[in-house]
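>
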Amino acid sequence: MQKDLLLMKRSNINAIRTAHQPPHPDFFDVADDLGFYVIAKCDLECHGFGGLEETEEEASEWLSNNPDWEEAYVDRARQPRTSSFGDEPKDGDFIMDGLVLSDHSPMPLLKEYAKVIQPISVKLAKNGSAMMIIDHYDLLGLSCLDVSWHVVAGGLKTNNDAVSSGDGPIWELKNIPIIYPQGCDVTWRVDDDGAVVHYKAWVVVKTRAWGVEADIIYKTPTSRPQLQLETLGEFVGKNESHVIPRIGLIAVLPESFNDVSWFGRGLGESYKGSKQSSQIGESTGRRYMPFDLDDAQHPHTL
């Protein structure tokens with residue numbers, strides 16, 4: 018418990034609401050020592066009878082205000098558990114979308130959450146000549162912190178300057194019925210300038226009557242070891258969607274690769290709506306996160 022609370026504190030989490038089940042008796046003392054706001058909630062849910070017409074008006078009398086149910090209520094609070102009758106309508110990863118793994122080690126999203134709720138924010142002044150540091154603490158000033166900054170040039174950090182502290186998955190035919198054709202036409206050429214591979218692809222979304230006509234061009238100049246990639250796409254078909262959940266490219270790497278380097282947002286994963294903790298620059302790091310269940314690995318967006 019103390020380890021979890023320390024991890025929360027280090028992730029800018031300063032408030033806890035105890036929900037549904039009573040906390041450990043020592044919880045309040047530990048939370049007090051570490052400095053948490055605690056909302057002690059006494060939860061009693063009995064809305065399951067609300068849909069029965071004959072009991073709608075007197076639902077509370079059936080359980081919550083019935084002494085015959087006192088022992089059952091207390092026992093449920095002391096020994097909470099889920100069903101285990103072998104008929105659970107679950108997909109295997111239900112509610113496995115938290116901020117830590119089952120061994121309590123942090124997931125990438127915890128870093129993003131800590132960034133979003135951080136008590137200090139920085140933004141560029143309107144005239145562009147200064148940076149504004151904004152204090153979101155309720156009780157503390159900024160005198161407890163040191164400030165440092167650096168300039169990124171060519172994807173690399175320059176020397177840091179210190180400031181004094183102060184208050185200031187792909188389809189497979191054998192698994193998924195393909196309603197619309199999916200494939201590509203490939204042409205290539207090699208000349209003195211290098212090699213060019215041109216894909217004309219038809220990319221479709223399962224169960225939808227629309228897709229993307231895509232042009233993907235790979236170029237490898239002879240003058241330097243480099244791969245250039247150019248992509249163009251046009252949405253075609255019926256009832257095109259106005260919302261695209263995710264679009265991108267897949268690069269298959271050898272299984273022996275453990276680390277990759279890239280210029281862009283890093284070091285952790287980033288999505289269009291979840292990228293505040295990922296700064297643009299040169300990054301090197303592990304490419305695999307051992308989730309409890311296999312999942313998408315470290316996407317990166319602009």
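Under this note's numbering, the first residue of the sequence shown carries the number 18, and numbering increases by one thereafter.
Each residue gets a CB set at the ideal place from its N, CA and C atoms; glycine is no exception.
Anyone know if the C-beta pair for A36 and K20 falls short of 7 Å?
no
> What is the residue span of the alpha helix (DSSP H) that Q42 lies within?
The identity of residue 42 in the sequence shown is Pro, whereas the question assumes Gln. Counting along the chain, P42 sits inside no alpha helix (DSSP H), nor does DSSP assign it H or E at all.
> Among the candidates S122, L249 and Y235, whose CA atom is the shortest distance from the CA of Q243?
Y235
> Taking only the alpha-carbon atoms, compute the straight-line gap between L162 and D49 and give it to the nearest angstrom.
22 Å
> If you compare alpha carbons, which of P42, A212, F53 and D43 is closest to L24?
F53
> So, for P238: in the same chain, excluding its five sequence neighbours on each side, which residues have a beta-carbon less than 6 Å away from its beta-carbon?
G211
> Unbroken alpha helix (DSSP H) runs of length 4 or more, entirely within the stretch 123–155: which are they?
125–133
> Since I287 contacts P316 with CB under 8 Å, what's their CB separation in whole angstroms?
Residue 287 is actually Ser in this sequence, not Ile. Contact holds; Cβ gap of about 7 Å.
> Which residues does DSSP pair with R34 in a beta bridge?
DSSP lists I56 as partners of R34.
> Would you mind sorting I264 into buried or exposed? The rule is 16 or more other CB atoms within 10 Å of its CB.
exposed
> Have a look at the DSSP bridge pairing and note the partners of S291.
Y288
> Distance, Cα to Cα, I151 vs I33?
24 Å
> Residue range of the alpha helix (DSSP H) that L157 falls in?
For L157, there is no enclosing alpha helix (DSSP H), as DSSP gives it neither H nor E.
> Which whole-angstrom value describes the C-beta separation of G285 and K128, a residue pair presumed to lie in contact below a C-beta threshold of 8 Å?
5 Å
> Please classify D309: does DSSP put it in a helix, a strand, or coil?
coil
> Could you please give the first and the last residue of the uninterrupted alpha helix (DSSP H) stretch that includes R95?
E87 to R95
> Does DSSP put L24 in a helix, a strand or coil?
DSSP, read as helix, strand or coil, puts L24 in helix.
> Among V207, E230, S294 and L270, which has the Cα closest to the Cα of K217?
Its Cα nearest to that of K217, the residue E230 stands out among V207, E230, S294 and L270.
> Could you name the residues of the same chain whose beta carbon sits closer than 7 Å to that of N256, not counting the 5 residues immediately before and after it, in chain order?
A226 and W227
> Is it the case that the Cβ atoms of W279 and S295 are separated by a distance below 7 Å?
no
> So the candidates are I137, H167 and H215; which of them puts its Cα closest to the Cα of L159?
I137
> For S258, collect the residues of the same chain with a Cβ closer than 6 Å to its Cβ; drop the 5 residues on either side in sequence, then sort them by chain order.
none
> Kindly list the residues whose CB is nearer than 8 Å to the CB of P123, restricted to its own chain and excluding five residues on each side of it in sequence; keep chain order.
Non-local C-beta neighbours of P123 in its own chain, meaning closer than 8 Å and more than five positions away in sequence, comprise L24, S28, L116 and V117, ordered along the chain.
> Report back the beta-carbon spacing between M18 and F44 to the nearest angstrom; my notes put them in contact at under 8 Å.
7 Å
> Which value, in whole angstroms, describes the spacing of the CA atoms of W205 and I233?
12 Å
> Does DSSP put D120 in a helix, in a strand, or in coil?
coil
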